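Undergrad:
Protein chains in written order, with this note's numbering: chain A, 69 to 305; chain B, 1315 to 1618.
1. Which one of B:1412, B:1454, B:1538, B:1322 has the shortest CA to CA distance from residue 151 (chain A)?
2. Checking 8 angstroms against the spacing of the C-beta atoms, do residue 1508 (chain B) and residue 1443 (chain B) come in under that value?
3. Closer than 7 angstroms, Cβ to Cβ, to anything on chain B: give me those residues from the region 148 to 159 of chain A, in chain order.
4. Comparing alpha-carbon positions, which option in A:148, A:218, A:236 lies nearest residue 165 (chain A)?
5. Helix, strand or coil for residue 144 (chain A)? Go by DSSP, reduced to three states.
6. Taking residue 1452 (chain B) as part of the alpha helix (DSSP H), name the residues at either end of that continuous run.
7. Can you check whether the C-beta of residue 216 (chain A) is within less than 8 angstroms of a C-beta belonging to chain B?
8. Are the region 236 to 246 of chain A and the region 270 to 281 of chain A touching by the rule of at least three beta carbon pairs closer than 8 angstroms?
9. Does the beta-carbon distance from residue 1603 (chain B) to residue 1591 (chain B) come in below 8 angstroms?
10. Look up residue 272 (chain A) in the DSSP assignment and give the residues it is bridged to.
11. How many angstroms separate the CA atom of residue 1617 (chain B) from the CA atom of residue 1605 (chain B)?
12. Who are the neighbours of residue 165 (chain A) on chain B, taking C-beta pairs under 7 angstroms?
13. Alpha helix (DSSP H) containing residue 1500 (chain B): first to last residue?
14. Just curious, the beta strand (DSSP E) that residue 94 (chain A) is in, first and last residue?
15. Count the other C-beta atoms from every protein chain shown that fall within 10 angstroms of the C-beta of residue 92 (chain A), then say buried if there are 16 or more, exposed otherwise.
16. Measuring CB to CB, does residue 1352 (chain B) end up less than 8 angstroms from residue 1361 (chain B)?
17. Could you spell out the range, first to last residue, of the alpha helix (DSSP H) harbouring residue 1329 (chain B)?
18. Within 8 angstroms of any Cβ in chain B, is that where the Cβ of residue 229 (chain A) sits?
19. Out of curiosity, what's the CA-to-CA distance linking residue 1479 (chain B) and residue 1540 (chain B)?
20. Measuring CB to CB, does residue 1494 (chain B) end up less than 8 angstroms from residue 1487 (chain B)?
21. So which residues of chain B does residue 119 (chain A) contact, with C-beta pairs closer than 9 angstroms?
22. Between the region 85 to 102 of chain A and chain B, which residues of the former have a C-beta closer than 7 angstroms to a C-beta of the latter?
23. Using Cβ-Cβ distances below 7 angstroms, what residues of the region 1345 to 1360 of chain B are close to chain A?
24. Listing by chain order, which chain B residues have their CB less than 9 angstroms from the CB of residue 141 (chain A)?
25. Would the region 113 to 124 of chain A and the region 1319 to 1334 of chain B be scored as touching if the rule is three or more Cβ pairs under 8 angstroms?
26. DSSP three-state label for residue 149 (chain A), please.
27. Run through the DSSP bridge pairs and tell me what residue 74 (chain A) is partnered with.
28. Along chain E, in chain order, which residues have C-beta atoms closer than 8 angstroms to that of residue 1537 (chain B)?
29. Using only CA atoms, which one of A:94, A:95, A:110 lies nearest to residue 88 (chain A)?
30. Tell me which same chain residues have a C-beta within less than 7 angstroms of the C-beta of residue 90 (chain A), skipping the five on either side of it?
31. Got a sec: is the Cβ-Cβ distance from residue 1479 (chain B) to anything in chain A below 8 angstroms?
32. Once you ignore the five residues that flank residue 1612 (chain B) on each side, which residues in its own chain have a CB closer than 6 angstroms to its CB?
33. Please work out which residues of its chain come closer than 6 angstroms, Cβ to Cβ, to residue 1557 (chain B), disregarding the five sequence neighbours upstream and downstream, and give them in chain order.
34. What separation, rounded to the nearest whole angstrom, lies between the Cα atoms of residue 1619 (chain B) and residue 1398 (chain B)?
35. Does residue 1482 (chain B) get closer than 8 angstroms to chain A when you measure Cβ to Cβ?
36. Determine the closest residue to residue 1500 (chain B) out of B:1511, B:1473, B:1568, with distance taken between C-alpha atoms.
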């Protein structure tokens, strides 16, 4: 299977703090990969580094083919202003930015896609509701609908299931698996290891550096998890 | 003069009142929508800071060319942008947040501005710059404020979608487009342009009032961004009209009168606004307590 993103000895961080160091590996095209690790392991930084938002202090990140132009990113809920005065429909419609841009109007086809995305995440009746009135779970569904409308080749999701109940998580997980089945590459930062074991074939275990990367059952071993915890606690630094 | 005549006669009789109203209306149309975006970006105090920041440039324009609108405007634009860029640079290069670095630079800027004006001009000139001269707007000043407002409204319409996205979810905009920094820079330029043109009307200190007070009030009447922008513009224009009348009949300075009227509009909005105003909240609380007490009575009757 070909690569879609290759990391070559990358170090990511800021002037006075390195969050990820000496990480090498590749995300396979069409793979469903979980990025896991203790708090402060550099999971979100890795995603932001790949997006080019965190300084690449060393190494090289290579997008294979034209993939670099076709990445959809889902931020954590705290990263955007959920109290902004906008309806759910308008929020989700932003997913069509690449086709609509700053000035073009919404065609009938785009409207249909928007309705389909809202229905797919169970928000068909919530389109006119202000974003600020949605619950945490509904907000997360709206984020998924926006991502659906984007229709990218690579999806990067930063903690998409944090603070969600089991039913919502399963619903949204089904969407990730559907994208995976369509041949899209999905990379998600997660905390729930049971969910990862159940649904994600590939896993990258981070602890400021790569601890293990490969098939989930080979990565999430007690030894690797123990090592990751100690690396993050600073024992082995 | 009857009551109705009192509402328009000062404007019908005196050209300076008509000019004042035209200038204040033009300013309000641009300042209100900008204020709405400042609030949405959680930068409510940015307008105030920027108004102080442009003072040295205005002063240099004044020192070099007297009360020349062009010179003072260019000076204000340059200083405002320099302060904004310096503050952004410090926040990028050091751990200090942008609000703190901006506060430092605008305060320095204010000090330099007041010093420069007092070097050549007297107290009257300083007061003219700080509090404006809405009742003495000439053709050039009217043209400036009208042109600046037109440019601002046109530019806001052009960058509206990315600007909303940048306020709501800057990371998403960053992942989709490289427009974010451009939109931010254009927004800051529009802010400076409106403030500089507004100091002709209300002065560097008072112009912030017509930008922020109607915008803050609009939040209590409209849910959507477009609705808030429209109400802010209308609220600013209405406050200007009432303020000018107050100034005329009560013989008080016009700029503070306009801002005081905008303040009263804000106070009324907080109290009676349909979107989260105090009156509405109290009515809802009252209705809730009535409902609860009825339910309780029904439960008691049911048990009996």
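Idealized CB from N, CA, C, for every residue including glycine.
Given the structure is predicted, the values throughout are model-derived calculations rather than measurements.
TA: On the basis of the coordinates in this document:
1. Along the first chain, read from residue 1 onward, the residue named residue 151 (chain A) stands at position 83. When only C-alpha atoms are compared, the closest one is B:1538.
2. Counting from 1 along the second chain, the entry for residue 1508 (chain B) is found at position 194. Counting from 1 along the second chain, the entry for residue 1443 (chain B) is found at position 129. For the 8 angstroms CB-CB criterion, residue 1508 (chain B) and residue 1443 (chain B) do not form a contact.
3. 148, 149, 152, 153, 154
4. The residue given as residue 165 (chain A) occupies position 97 in the first chain. Cα-wise, what sits closest to residue 165 (chain A) is A:218.
5. Residue numbering aside, residue 144 (chain A) sits at position 76 when the first chain is read from its first letter. DSSP places residue 144 (chain A) in coil when its eight states are reduced to three.
6. Position 138 of the second chain holds residue 1452 (chain B). First-last for residue 1452 (chain B): undefined, no H or E at that position.
7. Your numbering for residue 216 (chain A) matches position 148 in the first chain. False, the Cβ-Cβ gap to chain B never drops below 8 angstroms.
8. no
9. If you number the second chain from 1, residue 1603 (chain B) lands on position 289. If you number the second chain from 1, residue 1591 (chain B) lands on position 277. No, these two residues do not count as a Cβ contact at 8 angstroms.
10. For this step, residue 272 (chain A) is matched to residue 204 along the first chain. Answer by DSSP bridge pairing, in chain order: A:103, A:281.
11. Walking along the second chain from the start, residue 1617 (chain B) turns up at place 303. Walking along the second chain from the start, residue 1605 (chain B) turns up at place 291. In a straight line, the C-alpha of residue 1617 (chain B) is about 18 angstroms away from that of residue 1605 (chain B).
12. Translated into the one-based positions of the first chain, residue 165 (chain A) becomes position 97. The answer, in chain order, is 1490, 1491.
13. Here the question's residue 1500 (chain B) lines up with position 186 in the second chain. Residue 1500 (chain B) -> alpha helix (DSSP H) spans 1493 to 1515.
14. Counting from one through the first chain, the residue named residue 94 (chain A) turns up at place 26. That run of the beta strand (DSSP E) goes 85 to 96.
15. Against the first chain, residue 92 (chain A) aligns to sequence position 24. Residue 92 (chain A) comes out exposed.
16. Position 38 of the second chain, counting from 1, holds the residue named residue 1352 (chain B). Position 47 of the second chain, counting from 1, holds the residue named residue 1361 (chain B). Yes, these two residues count as a Cβ contact at 8 angstroms.
17. Taking the first residue of the second chain as 1, we reach residue 1329 (chain B) at position 15. Counting along the chain, the alpha helix (DSSP H) containing residue 1329 (chain B) begins and ends at 1329 to 1354.
18. The residue labelled residue 229 (chain A) in the question sits at position 161 within the first chain. Output row for residue 229 (chain A): interface = no.
19. Counted from its first residue, the second chain places residue 1479 (chain B) at position 165. Counted from its first residue, the second chain places residue 1540 (chain B) at position 226. Going by the C-alpha atoms only, they are around 14 angstroms apart.
20. As a working note, residue 1494 (chain B) is residue 180 in the second chain. As a working note, residue 1487 (chain B) is residue 173 in the second chain. Yes, they are a contact pair.
21. The count along the first chain starts at 1 and reaches residue 119 (chain A) at position 51. Within 9 angstroms Cβ-Cβ: 1485, 1488, 1489.
22. Those would be none; no residue qualifies.
23. Within the region 1345 to 1360 of chain B, the residues whose Cβ lies closer than 7 angstroms to some Cβ of chain A are 1354, listed in chain order.
24. By one-based count along the first chain, residue 141 (chain A) stands at place 73. Result: 1485, 1486, 1488, 1489, 1490.
25. No, they do not touch.
26. The residue you call residue 149 (chain A) lines up with position 81 of the first chain. The answer is coil: DSSP assigns residue 149 (chain A) none of H, G, I, E or B.
27. Against the first chain, residue 74 (chain A) aligns to sequence position 6. Note: residue 74 (chain A) sits in a beta bridge opposite A:94, A:130.
28. Protein chains in the displayed structure are A and B, and chain E is not among them.
29. Here the question's residue 88 (chain A) lines up with position 20 in the first chain. The residue with the shortest Cα to Cα distance from residue 88 (chain A) is A:110.
30. Counting from 1 along the first chain, the entry for residue 90 (chain A) is found at position 22. Cβ within range, chain order: 77, 79, 277.
31. Looking up residue 1479 (chain B) in the second chain gives position 165. Yes, contact with chain A.
32. Reading the second chain from its first residue, position 298 is the one you call residue 1612 (chain B). Contacts found: none.
33. Stepping through the second chain from its first residue, residue 1557 (chain B) is reached at position 243. Answer for residue 1557 (chain B): 1571, 1572, 1575, listed in chain order.
34. Absent from the structure is residue 1619 (chain B), since the part of chain B shown begins at 1315 and ends at 1618.
35. As a working mapping, residue 1482 (chain B) is identified with position 168 in the second chain. Closer than 8 angstroms to some Cβ of chain A, the Cβ of residue 1482 (chain B) qualifies, so yes.
36. Mapped onto the second chain, residue 1500 (chain B) falls at position 186. Closest option to residue 1500 (chain B), Cα to Cα, is B:1473.
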